[in-house]
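J.:
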Amino acid sequence: EAGVAQSPRYKIIEKRQSVAFWCNPISGHATLYWYQQILGQGPKLLIQFQNNGVVDDSQLPKDRFSAERLKGVDSTLKIQPAKLEDSAVYLCASSLDHSGIAKNIQYFGAGTRLSVL
Amino acid sequence: AQSVTQLGSHVSVSEGALVLLRCNYSSSVPPYLFWYVQYPNQGLQLLLKYTSAATLVKGINGFEAEFKKSETSFHLTKPSAHMSDAAEYFCAVSEDYGGSQGNLIFGKGTKLSVKP
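Chains as they are written, first to last, in the working numbering: chain A, 944 to 1060; chain B, 35 to 150.
#1: Within this structure, are the beta carbons of L988 of chain A and L138 of chain B separated by less than 8 Å?
#2: Going along the region 988-1005 of chain A in order, which residues come within less than 8 Å of chain B, judged by CB to CB distance?
#3: If you run the structure through DSSP and keep just helix, strand and coil, what is L138 of chain B?
#4: Terminal residues of the continuous beta strand (DSSP E) containing I990 of chain A?
#5: Roughly how many angstroms lie between the CA atoms of S46 of chain B and S970 of chain A, to the nearest whole one?
#6: Taking a Cβ distance cut-off of 7 Å, strictly less, list which residues of the region 1022-1039 of chain A are near chain B, in chain order.
#7: Just to make sure I have the definition right: I need the residues of chain B whose C-beta is within less than 9 Å of the C-beta of A1053 of chain A. Which are they?
#8: Can you check which of these residues, B:P150, B:P64, B:L41, B:S118, is closest to S128 of chain B by C-alpha distance?
#9: Per DSSP, what kind of secondary structure is E178 of chain B in: helix, strand or coil?
#10: If the cut is a Cβ gap below 8 Å, which residues of chain B does I1048 of chain A touch?
Listed below in structure tokens is the structure:
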């Protein structure tokens, strides 16, 4: 079974530029998550999708961050404009569904490491 | 509000020694608890999870964790460390709202080093 795919793996941009990350979840997984992992910290949830609808985006800085999941499969996370403090690893995860304990098992991609200069 | 505290940002053990990584949680409802491992430049991989069944949970790679409600702890252990265990370990909590899933809240992580 293929895992969660993310691209690019690395990205370096200057502040005020825009950047986009792509995620392809495990086939059949209805729920998709984007996390931000700042160096020295645990992952922090930015947004959660159930199919193509947003379940939770309470911690997404909506003035600069946006995300979409068209057709309930792939997802894109965008930052515009980027700030220095956005330097982090952006992790995508997916899980099967909301029924039973399987709902709580999230499978993570390798992440995109963003450096904002 | 739920939270996770991992004691010790860095733990160093000798190969063959006991591994003990500490995790304490705060939750107002029965929690689900998880340990994830992250190898350099990779995503997080689930080691084990507690889901209100057995309090002693066995995971992959010889790791296990014990849920202690009275101590609000979920410490991760392995009897004998291997060089390949060197990685960063994250404890996470998710709340069960009677079947409705809560989000994962992660601790800050503990980096495990294994000396030859």
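Note that beta-carbon positions come from the ideal geometry of N, C-alpha and C, so glycine has one too.
T.: Straight from the coordinates:
#1: At a Cβ-Cβ threshold of 8 Å, L988 of chain A and L138 of chain B count as neighbours.
#2: Residues passing the 8 Å Cβ filter: L988, Q991, D999.
#3: Reduced to three states, the DSSP call for L138 of chain B is coil.
#4: Unbroken beta strand (DSSP E) run through I990 of chain A: 987-993.
#5: Those two C-alpha atoms are separated by around 38 Å.
#6: For the region 1022-1039 of chain A, the set of positions with a beta-carbon nearer than 7 Å to some beta-carbon of chain B reads L1034 in chain order.
#7: Correct list: N75, Q76, G77.
#8: Answer by Cα proximity: B:P64.
#9: In the structure as shown, chain B starts at 35 and stops at 150, and residue 178 of chain B therefore has no counterpart that could be examined.
#10: The contacting residues are L80, K83.
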